[in-house]
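Student: Residue numbers (our numbering): 938 to 1247.
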Amino acid sequence: MSIDFEQVSFAYDEHSLWRNSALEQISLHLETGVFAGIAGASGSGKSTLMQHFNGILKPTEGKLRVLDVTMQAGDKAPPLRELRRRVGLVFQFPEQQLFEDTVEKDICFGPLNFGCTPDEAKQRARRALSLVGLDDSFLPRNPFHLSGGQMRKVAIASVLAMEPDIIALDEPAATLDPQSRSELASMLSRLHREEGKTVLVVTHRMEEILPFADQWIVMEDGHKSFQGSVKELVQEAGRLQASGLAIPDCIRYWNEVAAHYGLEEEEPCLTAESLADRLAVLSDQVGNAVTPLPKEEAPLGLETSREGDG
Ligand SMILES: Nc1ncnc2c1ncn2[C@@H]1O[C@H](COP(=O)(O)OP(=O)(O)O)[C@@H](O)[C@H]1O
Ligand SMILES: [Mg+2]
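1) Just to check, is the beta-carbon of Q1033 closer than 8 Å to a non-hydrogen atom of ligand 2?
2) By alpha-carbon positions, which one of F1075, V1003, I1044 ends up nearest to L967?
3) Using a Cβ-based criterion (distance less than 8 Å to any ligand heavy atom), does K983 qualify as near ligand 2?
4) Can you tell me whether DSSP reads W1153 as helix, strand or coil?
5) How far does the beta strand (DSSP E) with I1103 in it extend, from its first residue to its last?
6) How about the region 972-983 and the region 1147-1158: do they share at least three Cβ pairs that are nearer than 8 Å?
7) Please list the terminal residues of the continuous beta strand (DSSP E) segment that includes V1024.
8) Going by DSSP, name the residue or residues bridged to R1002.
9) Measuring only the C-alpha atoms, how far is A973 from I1104?
10) Would you be able to state if there are at least three C-beta pairs under 8 Å between the region 1100-1117 and the region 1067-1076?
11) First and last residue of the beta strand (DSSP E) that includes T963?
12) Just tell me which of E1201, K1168, D1186 has its CA closest to the CA of M892.
13) In its own chain, which residues sit with a C-beta less than 7 Å from the C-beta of V1096, not counting the 5 before and 5 after it?
14) With T1007 and K1013 assumed to form a contact (beta carbons below 8 Å), what rounded beta-carbon distance in angstroms separates them?
15) T1135 lies in the beta strand (DSSP E); which residues open and close that run?
16) For F916, name the three-state secondary structure that DSSP assigns.
17) Is any heavy atom in ligand 1 found nearer than 8 Å to the beta carbon of S1027?
18) On a CA-only basis, which of S1126, L986, K1090 is nearest L1113? Give me that one, please.
19) Where does N1079 land, buried or exposed, given buried means 16+ other C-beta within 10 angstroms?
20) Determine the DSSP secondary structure at S979, reduced to helix, strand or coil.
21) Looking only at its own chain, which residues have a Cβ that is under 6 Å from the Cβ of H952, when we skip the five neighbours before and after it?
22) Could you compute how far the alpha carbon of Q1060 sits from the alpha carbon of F1051?
23) If I'm right that S958 touches A948 with Cβ under 8 Å, what's the distance once you round it to whole angstroms?
24) For I1093, which residues of its own chain have a beta-carbon under 6 Å away from its beta-carbon, when the five flanking residues on both sides are left out?
25) Which residues in the same chain as P897 place their Cβ atom closer than 6 Å to its Cβ, once the five residues preceding and following it in sequence are excluded?
26) Beta strand (DSSP E) containing E1052: first to last residue?
27) Could you check the C-alpha separation between W1191 and D1221 for me, to the nearest Å?
28) For F1030, list the residues DSSP reports as bridge partners.
29) Let me know the secondary structure DSSP gives S1119 once reduced to three states.
30) Give the range of the beta strand (DSSP E) segment to which Q1248 is assigned.
31) Straight-line CA distance for G1181 to E1132?
32) In angstroms, rounded to a whole number, what distance separates the CA positions of Q1164 and L1170?
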C-alpha cells in the first residue's frame, strides 16, 4: 500500500479562461511507513498537494491512488469516508479546529462520529494524548486555556484518535517557539519509529525535520523539482538552492566539509553534534594532516542564530 500520483494536475480555477495550475503534472510514489518532508517556497503547491492525500481536493487531470482508493480526473468520486479516517490531515493552524470546552470532548469527537462507544472514545483520547506527550491531567482542561504548543499537540491528538495509518501535517511548527518546535519534531519521529505511522510533513523550514525524514519532495511553482533520499537531497542541494529553495545551513556545512575531506559518498551528518563528532574523528585519523576549515565556515553552533522567526 502506498501513495502514487500519475501526472496529476490541479487548478483551483479549472473553468476560468485564465486557468492557473497550482499543481502541474505531478508523478510521485511514497511507500507507506516513510517519514517524508515536502518542502518548497511559499505558493509552490505544498498545501494543495497535501490536500490530495485524502481527497479534499481531487485532480483536475491525471490519476492518483492513496492506500486502496483511486481518484481519477473526470471520474465520479469514490467513497472517501474510510480514506479520511486512515489519512489524517493536520492543517496549518489546527488549533482553529478545536471547539469543545474540554480536551477530552475535543479528542473524542472524531471517534464518536465514526461509531466508537463513549468508553472506546475515551480510551482512545487517553492514548492519543499520551502519544503527543501530554498526560491525563489535560483531559478535563479547556483547550483554549493551553499554551500554543499544547493546543497544537491536542489538535494532533484529535487526528491520532482516529487511528490513521498516514498522518500529513501542513507546517506543523509554524508560529511555535523553538522548544515547542523541537518537541513536535521529536514527537513526529516517535510516531514514525514506534507506532509505524507514515508521516508526511509540509514545511518551508527543512532543518526542523532534517534529521528524521528519510524521503524528501521539493515543490517549485506547482512542479515537483526533486524527490529522493536525504543523501540525494544533499547531493542536489546546489541545484535546488539555485532555483530558490532555502537549503538548511547544516546541508551547506556538510557539503563544504565533504568537499574539503572527500567525503561525498558518506551518509551526511545533519546536526551540529554529528558533524562535530565526525570532524573530531577525522582530525584524530589524520592528525595534523587535516587542514582546518576557514573560520567563517566552521560548522559548530549552526542553526542557533535562526530560531527567532516563525
Ligand atoms: N483556495 C485557493 N483558491 C485559489 N488559489 C489558491 C487557493 N489556495 C492556493 N491557491 C494558489 O495555488 C498555488 C499553490 O498554493 P499552495 O498550495 O497554498 O502553496 P504552498 O502551500 O506551497 O504555499 C498558489 O499560487 C496559490 O495562490
Ligand atoms: Mg501552504
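For each residue, glycine too, the CB sits at the ideal point set by N, CA and C.
Computed from a predicted model, the values in this text were never measured in an experiment.
Tutor: According to the data block:
1) Counted from its first residue, the sequence shown places residue 1033 at position 96. Q1033: no, Cβ never under 8 Å from ligand 2.
2) As a position in the sequence shown, residue 967 is number 30, starting the count at 1. Ranking F1075, V1003, I1044 by Cα distance to L967 puts V1003 first.
3) Sequence index remark: in the sequence shown, residue 983 carries index 46 (1-based). Yes, ligand 2 has a heavy atom inside 8 Å of this Cβ.
4) Your numbering for residue 1153 matches position 216 in the sequence shown. DSSP places W1153 in strand when its eight states are reduced to three.
5) Position 166 of the sequence shown, counting from 1, holds the residue named residue 1103. Counting along the chain, the beta strand (DSSP E) containing I1103 begins and ends at 1103-1107.
6) yes
7) In the sequence shown, the residue the question calls residue 1024 occupies position 87. Per DSSP, V1024 belongs to the beta strand (DSSP E) from 1024-1027.
8) On the sequence shown, position 65 is the one that residue 1002 refers to. Note: R1002 sits in a beta bridge opposite D941, T1007.
9) Along the sequence shown, one-based indexing puts residue 973 at 36. Along the sequence shown, one-based indexing puts residue 1104 at 167. The alpha-carbon atoms of A973 and I1104 are separated by roughly 11 Å.
10) no
11) Taking the first residue of the sequence shown as position 1, residue 963 is located at position 26. The sequence shown places Ile at residue 963, not Thr. Unbroken beta strand (DSSP E) run through I963: 958-968.
12) Residue 892 is absent from the model: the chain starts at 938 and stops at 1247.
13) As a position in the sequence shown, residue 1096 is number 159, starting the count at 1. These residues qualify, in order along the chain: G1025, V1027, I1104.
14) Looking up residue 1007 in the sequence shown gives position 70. Looking up residue 1013 in the sequence shown gives position 76. T1007 to K1013, Cβ: 12 Å. No contact.
15) Within the sequence shown, residue 1135 is the residue found at index 198, counting from 1. Its beta strand (DSSP E) spans residues 1135-1139.
16) This structure cannot settle anything about residue 916, because the visible part of the chain is limited to 938 through 1247.
17) Working through the sequence shown from its first residue, we reach residue 1027 at position 90. Reading the sequence as shown, one finds Val at residue 1027 and not Ser. Answer for V1027: no, Cβ out of range of ligand 1.
18) Walking along the sequence shown from the start, residue 1113 turns up at place 176. Selected option, being the one with the closest Cα: K1090.
19) Taking the sequence shown and counting its residues from 1, one reaches residue 1079 at position 142. By the 10 Å Cβ count, N1079 comes out exposed.
20) Taking the sequence shown and counting its residues from 1, the one referred to as residue 979 is at position 42. Here S979 sits in coil by DSSP.
21) Taking the sequence shown and counting its residues from 1, one reaches residue 952 at position 15. Hits under 6 Å: none found.
22) Working through the sequence shown from its first residue, we reach residue 1060 at position 123. Working through the sequence shown from its first residue, we reach residue 1051 at position 114. Taking the straight line joining both Cα atoms gives about 15 Å.
23) The residue you call residue 958 lines up with position 21 of the sequence shown. The residue you call residue 948 lines up with position 11 of the sequence shown. At roughly 5 Å, the Cβ-Cβ gap stays under 8 Å, so S958 and A948 are in contact.
24) One-based indexing of the sequence shown puts residue 1093 at position 156. Only V1027, V1069 meet the Cβ criterion.
25) Beyond the ends of the chain as shown, which are 938 and 1247, falls residue 897; an answer cannot be given.
26) Translated into the one-based positions of the sequence shown, residue 1052 becomes position 115. At residue 1052 the sequence reads Gly, which differs from the Glu that was named. G1052 -> no beta strand (DSSP E), and no H or E assigned at all.
27) Start at 1 with the first residue of the sequence shown, and residue 1191 comes out as number 254. Start at 1 with the first residue of the sequence shown, and residue 1221 comes out as number 284. Roughly 18 Å separates the two Cα atoms.
28) One-based indexing of the sequence shown puts residue 1030 at position 93. Bridge partners of F1030: none, in fact.
29) By one-based count along the sequence shown, residue 1119 stands at place 182. Three-state result, S1119: helix.
30) Not covered by the structure: residue 1248. The range shown for the chain is 938 to 1247.
31) The residue given as residue 1181 occupies position 244 in the sequence shown. The residue given as residue 1132 occupies position 195 in the sequence shown. Near 35 Å, if we compare the C-alpha coordinates of E1132 and G1181.
32) Working through the sequence shown from its first residue, we reach residue 1164 at position 227. Working through the sequence shown from its first residue, we reach residue 1170 at position 233. Taking the straight line from one Cα to the other gives about 8 Å.
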